[in-house]
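Structural data, given as structure tokens:
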């Protein structure tokens with residue numbers, strides 16, 4: 102995934118998350134990526150087909166929810182705090198199973214209903230818990246929220262294994278994982 106696409110996905114997630122308060126307003130998006138800014142302002146580009154698909158989706162959403170959307174470039178040195186915040190995910194939380202291992206789990210135990218430890222970047226199931234607020238997540242923090250019924254998948258980050266095992270004592274759940 103290119104940095105341009107990641108930047109634009111960040112814009113899309115922010116629009117989804119703040120959809121209600123933004124409804125009917127002109128929204129100015131400050132990005133430190135000139136390609137993302139251009140795609141926002143011109144609503145298309147020629148170099149990145151995958152970015153074009155996301156742009157068309159955002160343009161369609163914008164037309165029915167916002168008065169307008171404008172991109173403004175912010176120099177990277179002025180965006181230092183936001184860049185640091187984007188690095189808060191430790192690598193252990195971004196790890197994921199190889200697709201072949203995930204398929205083996207599915208074929209042996211069935212398809213889980215929910216992934217208890219995922220992010221929008223590594224989710225393998227439509228329903229997932231994530232550590233931080235994220236558009237598309239069922240809920241945040243699997244360790245402090247009740248788990249839904251059904252087969253659950255847990256590829257628990259090493260730093261959370263002890264807490265996860267404690268939760269298993271209290272939850273009535275069927276959980277599969279490596």
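In this note's numbering, the protein residues as written are 102 to 279.
Quick reminder that beta carbons are idealized off the backbone N, C-alpha and C, glycines included.
Which residues bound the alpha helix (DSSP H) around residue 111? Indexing the chain shown from 1 puts residue 111 at position 10. Residue 111 -> alpha helix (DSSP H) spans 104-118.
Under the assumption that residue 255 contacts residue 222 (Cβ atoms under 8 Å), give the Cβ distance between them as a whole number of angstroms. For the purposes of this step, residue 255 is taken as residue 154 along the chain shown, with counting starting at 1. For the purposes of this step, residue 222 is taken as residue 121 along the chain shown, with counting starting at 1. That belief does not hold up - the Cβ atoms of residue 255 and residue 222 are roughly 18 Å apart, past 8 Å.
Taking DSSP as the reference, what is the three-state secondary structure of residue 171? As a working note, residue 171 is residue 70 in the chain shown. If DSSP states are grouped into helix, strand and coil, residue 171 belongs with the strands.
Report the option in 131, 139 and 168 whose CA atom is closest to the CA atom of residue 120. Translated into the one-based positions of the chain shown, residue 120 becomes position 19. Measuring from the Cα of residue 120, the nearest candidate turns out to be 168.
Using the three-state DSSP reduction, which class does residue 163 fall into: helix, strand or coil? Taking the chain shown and counting its residues from 1, the one referred to as residue 163 is at position 62. Note: residue 163 maps to helix in three-state DSSP.
The stretch 224-242 in contact with the stretch 267-276 per 3-pair CB rule at 8 Å: no
Let me know if residue 224 comes out buried or exposed under the rule of 16 or more other beta-carbons within 10 Å of its beta-carbon. Here residue 224 refers to the residue found at position 123 when the chain shown is read from its first residue. Buried.
Are the stretch 123-140 and the stretch 104-111 touching by the rule of at least three beta carbon pairs closer than 8 Å? yes
Inter-residue Cα distance where the pair is residue 238 and residue 143: The sequence position of residue 238 within the chain shown is 137, counting from 1. The sequence position of residue 143 within the chain shown is 42, counting from 1. Distance between the alpha carbons of residue 238 and residue 143: 30 Å.
Does the beta-carbon of residue 253 have 16 or more other beta-carbons within 10 angstroms, so that it is buried, or is it exposed? Counting from one through the chain shown, the residue named residue 253 turns up at place 152. With 16 or more Cβ atoms within 10 Å of its Cβ, residue 253 is classed as buried.
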